[in-house]
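Visitor: Chains as they are written, first to last, in the numbering used here: chain R, 4 to 308; chain Z, 4 to 308.
Glycine is no exception: its CB is placed at the ideal position from the N, C-alpha and C atoms.
Below is the structure I would like to discuss, written out as structure tokens.
2 protein chains.
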Amino acid sequence: MADTPTPVQRLADRVPDLVALQLLIAVARLGSLGRAAQELGITQPAASSRVRAMERQLGVALVDRSPRGSRLTETGALVTDWARRIVEAAEAFDAGAQALRVRRDQRLRVAASMTIAEYLLPGWLIALRHERPGTAVQLLAGNSQFVIERLLADEVELGFVEGLTIPSGLSGVVVARDRLVVTVAPTHPWARRRKPVAADELARTPLILREHGSGTRQVLDAALGGLADPLLELASTTAVKAAAVSGAGPCVLSELVVGEELAARRLVRITVEGVPLDRALRAVWRVGHRPVGPARDLLSLTRTG
Amino acid sequence: MADTPTPVQRLADRVPDLVALQLLIAVARLGSLGRAAQELGITQPAASSRVRAMERQLGVALVDRSPRGSRLTETGALVTDWARRIVEAAEAFDAGAQALRVRRDQRLRVAASMTIAEYLLPGWLIALRHERPGTAVQLLAGNSQFVIERLLADEVELGFVEGLTIPSGLSGVVVARDRLVVTVAPTHPWARRRKPVAADELARTPLILREHGSGTRQVLDAALGGLADPLLELASTTAVKAAAVSGAGPCVLSELVVGEELAARRLVRITVEGVPLDRALRAVWRVGHRPVGPARDLLSLTRTG
DNA sequence: CTGAGGACATAACCTGGGGTTATGGCCGAT
DNA sequence: ATCGGCCATAACCCCAGGTTATGTCCTCAG
Numbered sequence: 004m005a006d007t008p009t010p011v012q013r014l015a016d017r018v019p020d021l022v023a024l025q026l027l028i029a030v031a032r033l034g035s036l037g038r039a040a041q042e043l044g045i046t047q048p049a050a051s052s053r054v055r056a057m058e059r060q061l062g063v064a065l066v067d068r069s070p071r072g073s074r075l076t077e078t079g080a081l082v083t084d085w086a087r088r089i090v091e092a093a094e095a096f097d098a099g100a101q102a103l104r105v106r107r108d109q110r111l112r113v114a115a116s117m118t119i120a121e122y123l124l125p126g127w128l129i130a131l132r133h134e135r136p137g138t139a140v141q142l143l144a145g146n147s148q149f150v151i152e153r154l155l156a157d158e159v160e161l162g163f164v165e166g167l168t169i170p171s172g173l174s175g176v177v178v179a180r181d182r183l184v185v186t187v188a189p190t191h192p193w194a195r196r197r198k199p200v201a202a203d204e205l206a207r208t209p210l211i212l213r214e215h216g217s218g219t220r221q222v223l224d225a226a227l228g229g230l231a232d233p234l235l236e237l238a239s240t241t242a243v244k245a246a247a248v249s250g251a252g253p254c255v256l257s258e259l260v261v262g263e264e265l266a267a268r269r270l271v272r273i274t275v276e277g278v279p280l281d282r283a284l285r286a287v288w289r290v291g292h293r294p295v296g297p298a299r300d301l302l303s304l305t306r307t308g
Numbered sequence: 004m005a006d007t008p009t010p011v012q013r014l015a016d017r018v019p020d021l022v023a024l025q026l027l028i029a030v031a032r033l034g035s036l037g038r039a040a041q042e043l044g045i046t047q048p049a050a051s052s053r054v055r056a057m058e059r060q061l062g063v064a065l066v067d068r069s070p071r072g073s074r075l076t077e078t079g080a081l082v083t084d085w086a087r088r089i090v091e092a093a094e095a096f097d098a099g100a101q102a103l104r105v106r107r108d109q110r111l112r113v114a115a116s117m118t119i120a121e122y123l124l125p126g127w128l129i130a131l132r133h134e135r136p137g138t139a140v141q142l143l144a145g146n147s148q149f150v151i152e153r154l155l156a157d158e159v160e161l162g163f164v165e166g167l168t169i170p171s172g173l174s175g176v177v178v179a180r181d182r183l184v185v186t187v188a189p190t191h192p193w194a195r196r197r198k199p200v201a202a203d204e205l206a207r208t209p210l211i212l213r214e215h216g217s218g219t220r221q222v223l224d225a226a227l228g229g230l231a232d233p234l235l236e237l238a239s240t241t242a243v244k245a246a247a248v249s250g251a252g253p254c255v256l257s258e259l260v261v262g263e264e265l266a267a268r269r270l271v272r273i274t275v276e277g278v279p280l281d282r283a284l285r286a287v288w289r290v291g292h293r294p295v296g297p298a299r300d301l302l303s304l305t306r307t308g
């Protein structure tokens, strides 16, 4: 049977698994394979063999071994830095996943809109874990309407929404500002353009957008006066981003969403004129139920000082 | 034998491996376990079992199965978005690692300073892989001096350095601007401060810094007049970042390095006054050896338009 | 109504990566 | 010279995750 060639990079074959990456990071910190092994709860020979396997897999020497310990190679340090980014993403995943799981001992129930749940909450949860270990958080994610309903039904104590106004029945505070930005792939004609795009030109241009009803779309429609012209309507921010990166057209997304792509120049930002694309990210709660205890702890992490 | 309790989160136990994450992403895109399996080169039962295992591990339903296909749950979509970030980090790792490996067929040799190699190059390499598949890149990473030497010895065709001036014997072009920023943990007194920090106050304050000789340190010393007062001197940007996040004191690092921490509020930015912390990131080459072919392709990816 | 086809689940089996324990070699400090 | 810390090697073991084969369920066509 002729097996179909895999049309997708199988990263697992070329990237060491999380244990190996954490091991490498531990070696960097502790200066010894044995102690790194201990920290990860495996034996020294296991660690030795894993590091050796990584070196074979990557084709690069990562650590200098000596009878007095092990230190990272120059390139080992670089690889370790790349590894750290994977591990950080994994920590965010873990923190988020932990919160999705329904558990008996949760002390804090939170609802958040998708953009916030996706990009900001994991970081907050990691911080919370450091500051108040043992605070089990239960997370419900949905659109803004969903968040509001959970709050009013008293199913959660704290909500996070992106939007223009505070819904009635709720109080809130701005925890961050978010700005929608217009971006295109570097290959797009707009990337070379010097002149800012005016509001009416943006309204006339077909854009890659989230579907109707998303917070992002809502803000854009409001800013343009309900006129956004969809080139594509996609269900997730990631899909929108992917389409834009591949050059399909301009997209309008939160700075949070495209931050990495901008830094790496996979997307470039277009300045627009006369379109108010700022929006507030707010923590909200039922009127009269100002957050206390764990909810207050979490809230305090989201604001500067 | 009483085994020591592991002092580090063993993420591998709580985060699915890369195959599983890629599988989930493929399901999101293709709408079917079977097709997702095929894309990853495994059989349908294997995919089915892996997704089931993930759901068990996370304690959350991820996909809605039907005899007509599978679609992600609401929370499944959220989890998938978190998963995507891990996979993206893994892709960057892969692209970078690929370039470190010395191979016969490399068509382009590049040297880069650490900050650039760490944060920007993987993204460029991914982009290059899309635009010019089959361009095998060989990467040498070191400090600025190292990059310059490789270029002058004609061992690489293209270099990337962060620095104030173009070294003699080389020509170059600015590919990006980078700004050093002063940041502190949200718990640090400076985080509440409204007034900008003046140059002399910054010079008087003990800071968490990279060791002498790093490009970052160089720029800071120049900006302050060689006066930076070290609270801690650490060998890697990541170590500096970690110390700052834990509240040890203010640190001075590239925007690139702390971008994520700023977004997630693990660090907050302090405005400083009268200290020129901008620096250029440059592509450089030997005078008279303007990049052509693959080198030109890569270079064109790093600049907008 | 019925049969075909697509999609997922279940079962039985196999393989190898990665773990463990035990032991040896190397180097530096006492 | 000897001891102790650190890494490598060897021999063994186990189970996670793969495969093939088959069953069930739903939908759609005729």
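Given 8 Å as the limit, is there contact between the region 20-33 of chain Z and the region 42-49 of chain Z, that is, 3 or more CB pairs closer than that?
Guide: The region 20-33 of chain Z, when compared against the region 42-49 of chain Z, does touch it at the 8 Å Cβ threshold.
Visitor: Relative to chain Z, which residues along the region 227-245 of chain R have a C-beta separation below 9 Å, given in chain order?
Guide: Result list: A238, S239, T240, T241 and A242.
Visitor: Determine, using beta carbons only, whether R/W85 comes closer than 8 Å to chain Z.
Guide: Closer than 8 Å: yes.
Visitor: Tell me, please, whether the region 284-296 of chain Z touches the region 151-168 of chain Z by the rule of three or more beta-carbon pairs shorter than 8 Å.
Guide: Output reads yes: the region 151-168 of chain Z touches the region 284-296 of chain Z.
Visitor: Does any residue of chain Z have a CB that is nearer than 8 Å to the CB of R/G99?
Guide: Yes - at least one Cβ of chain Z is within 8 Å of the one on R/G99.
Visitor: Counting Cβ pairs, one atom from each stretch, are 3 or more of them under 8 Å apart for the region 130-144 of chain R and the region 13-24 of chain Z?
Guide: With a cut-off of 8 Å, the region 13-24 of chain Z and the region 130-144 of chain R do not count as touching, because too few Cβ pairs lie within range.
Visitor: Exposed or buried, what is R/G308 when buried is set at 16 or more other beta-carbons lying within 10 Å of its beta-carbon?
Guide: Bear in mind that a pLDDT of 35 at R/G308, under 50, signals an unreliable position, so the number given afterwards is only what the model happens to contain. Flag for R/G308 reads exposed.
Visitor: Under 8 Å, do Z/I273 and Z/V177 count as touching if we go by C-beta distance?
Guide: No; because the gap between Cβ atoms is not below 8 Å, this pair is not in contact.
Visitor: Using 10 angstroms around the beta-carbon of Z/V278, count the other beta-carbons present and answer buried if the total reaches 16, otherwise exposed.
Guide: By the neighbour-count rule (16 or more Cβ atoms within 10 Å), Z/V278 is buried.
Visitor: Determine, using beta-carbon pairs with one atom in the region 71-80 of chain Z and one in the region 81-88 of chain R, whether at least three such pairs fall under 8 Å.
Guide: They do not touch, by the three-pair rule.
Visitor: So with Cβ pairs under 8 Å, would you call R/D20 a contact of chain Z?
Guide: Yes, because at least one Cβ of chain Z sits closer than 8 Å to the Cβ of R/D20.
Visitor: Determine the chain R residues that contact Z/Q141 at a beta-carbon separation under 9 Å, and present them in chain order.
Guide: In chain order: nothing, as chain R lies at least about 12 Å away.
Visitor: If you run the structure through DSSP and keep just helix, strand and coil, what is Z/R182?
Guide: Looking at Z/R182 - three-state DSSP - the assignment turns out to be strand.
Visitor: Apart from the five residues on each side of it in sequence, which residues of its chain come closer than 8 Å, Cβ to Cβ, to Z/G99?
Guide: Same-chain partners within the cutoff: A120, L124, P125, L128 and L142.
Visitor: For chain R, is any of its Cβ atoms less than 8 Å away from the one on Z/P125?
Guide: Taking Cβ atoms only, chain R reaches closer than 8 Å to Z/P125, which makes this a yes.
Visitor: Taking the beta strand (DSSP E) that R/L270 belongs to, which residues open and close that run?
Guide: Taken as a continuous stretch (DSSP letters only), R/L270 belongs to no beta strand (DSSP E), as it is neither H nor E.
Visitor: Under 6 Å Cβ to Cβ from Z/L234, same chain only, skipping five residues before and after it: list those, please.
Guide: Cβ neighbours of Z/L234 beyond the five flanking positions: P209, L210, I211 and G252.
Visitor: Measuring CA to CA, which of Z/R195, Z/R59, Z/A298 and Z/L280 is closest to Z/L205?
Guide: Among Z/R195, Z/R59, Z/A298 and Z/L280, the Cα nearest to that of Z/L205 belongs to Z/L280.
Visitor: Nearest to R/R88 by alpha carbon, out of R/L24, R/E258 and R/T168?
Guide: Looking at the Cα atoms, R/L24 is the closest of the given residues.
Visitor: Residues in its own chain within less than 8 Å of R/A242 by CB, not counting five upstream and five downstream?
Guide: Closer than 8 Å at the Cβ level, and outside the excluded window around R/A242, lies no residue.
Visitor: Closer than 8 Å, CB to CB, is Z/T46 near chain R or not?
Guide: Not one chain R Cβ lies under 8 Å of Z/T46.
Visitor: For a test of the three-state rule: what should DSSP assign to Z/I169, helix, strand or coil?
Guide: It is coil, neither helix nor strand.
Visitor: With distance defined between alpha-carbon atoms, name the residue in Z/R180, Z/L256 and Z/T46 nearest to Z/V187.
Guide: Z/V187 has its Cα closest to that of Z/L256, out of Z/R180, Z/L256 and Z/T46.
Visitor: Write down every uninterrupted run of the beta strand (DSSP E) in the region 62-88 of chain R whose length is 3 residues or greater and which is fully enclosed by it, in chain order.
Guide: Counting only runs of 3 or more, we get 66-69 and 72-75.
Visitor: Is it buried or exposed, Z/K244, if we count other Cβ atoms within 10 angstroms and call 16 or more buried?
Guide: Buried.
Visitor: Give a yes or no on whether the C-beta atoms belonging to Z/P297 and Z/T138 are separated by under 8 Å.
Guide: Yes.
Visitor: Just list the residues that DSSP pairs R/F163 with in beta bridges.
Guide: Partner(s): R/A115 and R/A286.
Visitor: On the CB-based measure, 16 or more other CB atoms within 10 Å of its CB, does Z/T168 come out buried or exposed?
Guide: Result: exposed.
Visitor: Using 10 angstroms around the beta-carbon of R/L304, count the other beta-carbons present and answer buried if the total reaches 16, otherwise exposed.
Guide: Under this definition R/L304 is a buried residue.
Visitor: Beta carbons nearer than 8 Å to chain Z: which residues of the region 143-157 of chain R have them?
Guide: Residues A144 and G145.
Visitor: Using beta carbons (cut-off 8 Å, strictly below), is Z/E58 in contact with chain R?
Guide: No, Z/E58 does not count as interfacial toward chain R.
Visitor: For R/R88, return the contacting residues in chain Z, with the cut-off set at a CB-CB distance below 8 Å.
Guide: By Cβ distance, chain Z contributes A92, A95 and F96.
Visitor: What residues from chain R crowd round Z/E77, counting only those whose CB sits closer than 8 Å?
Guide: Within 8 Å Cβ-Cβ: A144 and G145.
Visitor: Are the C-beta of Z/A201 and some C-beta of chain R separated by less than 8 Å?
Guide: By this cut-off, Z/A201 is not an interface position.
Visitor: Can you look up Z/A144 in the DSSP assignment and give me helix, strand or coil?
Guide: Of the three classes helix, strand and coil, the one that applies to Z/A144 here is strand, per DSSP.
Visitor: If we define contact as Cβ-Cβ less than 8 Å, is R/V11 a contact residue for chain Z?
Guide: For R/V11, the answer is yes, since a Cβ of chain Z falls inside 8 Å of its Cβ.
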